[in-house]
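Have a look at the structure below before the remarks.
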Amino acid sequence: MSTATPLPPGPAATQGDALATPLPAAAPRRLRRALLWGALVALLVVAQTLLVALTLSYEESRAQEEADAAAAEAASEVRRNLLAVVQNLQALAWVEGAPGEARAAAEALLRTQRELKRVEWRAPSLTVTEAAQTPYLPRLFNTLPRAELSIDAELACNAARRSSAPTFSRSYFVPLQDGQGLEVIDLCLPLQRAGREAGFLVGSFALADLLESSITARNLRRHEISFVEGDGTRLARAGVPRGAGVYTAERVVDLPGATLQLRADSSAGRPSLIPNLATALVLGLSIALFGLVLLLARDVRRRAFAESALAEALAFRKAMEDSLSTGLRARDLRGAITYVNPAFCAMVGCSAEELFAPSRDRSAPYTPPYWPPEFAAEYHRRQQLRLGHEVAAAGANVADPRDPREGWETVFMRKNGERFPVMIYEAPLVDGQGRHTGWMSAVVDLSAQRRVEELSRQQQDRLQATARLATVGEMASLLSHELNQPLAAIASYASGSLNLMADPQMQADPEMPAMIRGALERMAEQAERAGRVIKSVHDFVRRREQLHETLAAERLFEAVLPLARLQARKSGTRIEIDLPPAGEGPSAAKSPRVRCDRTMVEQVLLNLARNALQAMEGHTPAAERVLTLRARQTHPRWVTVSVIDRGPGISAEVAARLFTPFFTTKPEGMGLGLSLCRTVIEQHGGALDHGPGPEGRGTEFRFTLPAAAPGGAAAPAHPPETGETSGSHATA
Ligand code: ADP
97 MSTATPLPPG PAATQGDALA TPLPAAAPRR LRRALLWGAL VALLVVAQTL
147 LVALTLSYEE SRAQEEADAA AAEAASEVRR NLLAVVQNLQ ALAWVEGAPG
197 EARAAAEALL RTQRELKRVE WRAPSLTVTE AAQTPYLPRL FNTLPRAELS
247 IDAELACNAA RRSSAPTFSR SYFVPLQDGQ GLEVIDLCLP LQRAGREAGF
297 LVGSFALADL LESSITARNL RRHEISFVEG DGTRLARAGV PRGAGVYTAE
347 RVVDLPGATL QLRADSSAGR PSLIPNLATA LVLGLSIALF GLVLLLARDV
397 RRRAFAESAL AEALAFRKAM EDSLSTGLRA RDLRGAITYV NPAFCAMVGC
447 SAEELFAPSR DRSAPYTPPY WPPEFAAEYH RRQQLRLGHE VAAAGANVAD
497 PRDPREGWET VFMRKNGERF PVMIYEAPLV DGQGRHTGWM SAVVDLSAQR
547 RVEELSRQQQ DRLQATARLA TVGEMASLLS HELNQPLAAI ASYASGSLNL
597 MADPQMQADP EMPAMIRGAL ERMAEQAERA GRVIKSVHDF VRRREQLHET
647 LAAERLFEAV LPLARLQARK SGTRIEIDLP PAGEGPSAAK SPRVRCDRTM
697 VEQVLLNLAR NALQAMEGHT PAAERVLTLR ARQTHPRWVT VSVIDRGPGI
747 SAEVAARLFT PFFTTKPEGM GLGLSLCRTV IEQHGGALDH GPGPEGRGTE
797 FRFTLPAAAP GGAAAPAHPP ETGETSGSHA TA
């Protein structure tokens, strides 16, 4: 039965979908911002449109209202004027007396009422009996006789007769000269004398003049006022030459017997898109406001960008400072701490608050909690120097603290009282205005490094000891070979002597005691020789006090010679010691004197000599095998020691890896010799190198050792350290 089940597609598909629509965190924010901007723009557009629309409608309704008011006012004025004239005419109807008297009164009335063009008296049969004309032009019925245009007046008079009240006629057109004409309306007043009908008084009004006299100057200026017929035909007009036909209003003027349709037509046309200055101003201001909002938004955006960049930079800086294992500390000009990073706090074991606290008391000089009390006075003095007042007087042994690359070593104290060495690199803190406000220091805890150095030194020592033992081990076969000879000799001398003593003939020989003594003496010699061999090995392995001592280079050679000779003798190699030729003075004859750890340098010499002997074995003809040990004072402070062979030399490939540990070309070699040699020589401050031998063949290994100072005192290998620095070493 198969246990394999296909994977359900669900989760994979879901995951795929999620991957297919990755929504970056910034997207919703951007969408929201776009929506906000859209809303703002829409709001502005709606507000502007509303503003324009409302202003337009307001303008329109205002113009319409004006037209309405003008029409209403004109209608009432016309009516009022007409009624006033009706009263005057009624007064005229009562004038009796001489026939000329009524006519004179009518002419007077015609002079004052300009719209009244003619007054006529008619008999009850409606024939005109008397008429008075306006003194002003144009005069009516000059072109066409009154009889031809009398029908409307007569109809009105008939109506007046029936109602016994003044009655208006329909308006009618009276042609004048030059094709002109006037629309006229007649008023017929029935006259009664002693209760009986006595005829009619008819007044003719020009509608145009009626309009002119009834309408206020303001209305005339802004509107065309006209009397119109039902179909819109204009009968008479006054006011601006033409109305625009947009805002019109009509009113009916009801008169006894007739009605007049009055129409006001405003001269104002449709308002333009921006109807007035206020709207233009509001529009302009809101566009400017929008522009301002845009600018502000841009500014805010830039600010936000700058802020986020700053925040990022700060976060980056904080992460950097927090991740540093180097302590950072800023101090003001007083030396009080103004900033520390976590590494510094961890190093000294104090919190930032504990480090800042002492700086609040400005009366006392600032003493950080990590200054060891025993050095506090000294540190205060150094701080004073660093303040720059006494740098000149500081003396030669005070390094300029303002060189940040150099750094200086000192001792700090942890909260638990543990002293530890630190390296301080300090640079001035300069603010935005270029003022020097303090110092920023990088503080490196050296205690771990010191521990590692100590460990490596101990390991180095152990390695040296092991290597020495290994060398001895390698020499064990040589040693056994070398010890074999004296032991074999002793054994043969001993058996010879025993044989002599056992031989009865010899027992009588008087020479025998002398012979046995001779054999014993040889045996003693051989035993001594064997002892010397063992002692030289013992000395080599056991002697180990790391002490630098001053000694002649010759002593070094002498120490390694017994062991070197063991091997040299085996291969038939000659060993030559080459020291400077004896000079004139007593000291010139001496070999150069060196200052070194004798045991270590002997080890180096032995290694080099062994390598040289091995190189010549099997390569150089036995007669030419020479190993030269040379010492020369090549410099007042340095002595050069050389080990020269006549071997095959060193090829470039071998030379490239010569000092690499465990590199060897020998089947039973360990490959440690040269690397150890170089370490030892460098620990002495010298150098180890190699080249072809002086005769152009073989190899020369050279190393330098510090020369002993004249007069026996040692010349120091390292420059002496300052008191402050060595203090810190002591602590570490
Ligand atoms: P080891 O002697 O155990 O091989 P060393 O570090 O002393 O280790 O030497 C490394 C190698 O350097 C040797 O195997 C040899 O090839 C080469 N070498 C050292 N001294 C000489 C010399 N005097 N002449 C030629 N080759 C040398």
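Each step along the sequence shown adds one to the number in the numbering used here, with nothing skipped, and position 548 is 644.
Cβ atoms here follow ideal geometry from the backbone N, Cα and C, with glycine treated the same way.
Nothing here was measured: the structure is a model prediction, and the numbers come from that model.
Each residue's CA atom was taken as its position, placing residue 433 and residue 533 some 12 Å apart. Note that the C-beta distance between residue 736 and residue 728 is below 9 Å. Close CB contacts of residue 786 within its chain, under the 8 Å cut and outside five residues either way in sequence, are with 746, 751, 754, 795, 796, 797 and 798 (chain order). Our two residues, residue 189 and residue 328, have alpha carbons roughly 36 Å apart in a direct line. Looking at 477, 262, 627 and 375, the one whose alpha-carbon comes closest to that of residue 151 is 375. If the five residues before and after residue 742 are omitted, its C-beta is found closer than 8 Å to the C-beta atoms of 712, 716, 720, 721, 722, 789, 791, 793 and 794, all from its own chain and listed in chain order. For residue 522, the enclosing beta strand (DSSP E) covers residues 515 to 526. Annotation for residue 579: 626 and 629 place their beta carbon closer than 7 Å to its own, counting only its chain and skipping 5 residues before and after. Within the same chain, and ignoring the five residues on either side of residue 286 in sequence, the residues whose Cβ sits closer than 7 Å to its Cβ are 256, 257, 260, 293 and 296. In this structure, residue 689 has its beta carbon at no less than 8 Å from each heavy atom of the ligand ADP. Remark: three or more beta-carbon pairs, one from each stretch, lie closer than 8 Å, so the stretch 312 to 321 and the stretch 167 to 184 are flagged as touching. Between residue 354 and residue 247, the C-beta gap is not smaller than 9 Å, which leaves the two residues out of contact. Restricting attention to beta strand (DSSP E) runs no shorter than 3 residues, the stretch 123 to 199 encloses none. Listed in chain order, the non-local C-beta contacts of residue 744 below 7 Å within the same chain comprise 711 and 715, local neighbours out to five positions each way being set aside. Under the three-pair Cβ rule at 8 Å, the stretch 234 to 246 counts as touching the stretch 267 to 279.
Runs of the alpha helix (DSSP H) lying entirely within the stretch 194 to 240 and spanning at least 4 residues, in chain order: 195 to 208.
Note: residue 296 is bridge-paired with 218 and 286 in the DSSP secondary-structure output.
One Cα belongs to residue 613, the other to residue 550, and the distance between them is close to 59 Å.
Within 10 angstroms of the beta-carbon of residue 622 lie 16 or more other beta-carbons, which makes it buried. One thing to note: residue 306 has its Cβ no nearer than 9 Å to the Cβ of residue 205. Shown here for residue 352: same chain residues with a beta carbon closer than 7 Å to its own, the five before and five after excluded, namely 261, 262, 263 and 264 in chain order. Secondary structure note for residue 771: its alpha helix (DSSP H) is the uninterrupted segment 769 to 779. In the structure shown, the three-state DSSP call for residue 797 is strand.
Relative to the Cα of residue 430, the nearest Cα in the group 330, 454, 448 and 343 belongs to 454. Distances taken from the Cβ of residue 565 to the heavy atoms of the ligand ADP include none shorter than 8 Å.
A direct Cα-to-Cα measurement between residue 556 and residue 438 gives close to 36 Å. When rounded, the separation of the alpha-carbon atoms in residue 360 and residue 161 is 11 Å. Note: residue 729 is bridge-paired with 735 in the DSSP secondary-structure output.
Counted as a single uninterrupted DSSP element, the alpha helix (DSSP H) harbouring residue 439 occupies residues 438 to 444.
Going by DSSP, residue 695 is part of the alpha helix (DSSP H) stretching over 694 to 712. For residue 760, the shortest C-beta to heavy atom distance toward the ligand ADP is below 8 Å.
In the DSSP assignment, residue 380 falls within the unbroken alpha helix (DSSP H) covering 373 to 419. Within the stretch 332 to 370, the complete beta strand (DSSP E) runs of at least 3 residues fall at 344 to 351 and 354 to 362. Contact check between the stretch 320 to 335 and the stretch 141 to 157: fewer than three CB pairs, one atom from each, fall below 8 Å, which does not count as touching. The ligand ADP never approaches residue 793 closely enough for any of its heavy atoms to be under 8 Å from the residue's Cβ.
Within the same chain, and ignoring the five residues on either side of residue 661 in sequence, the residues whose Cβ sits closer than 8 Å to its Cβ are 671.
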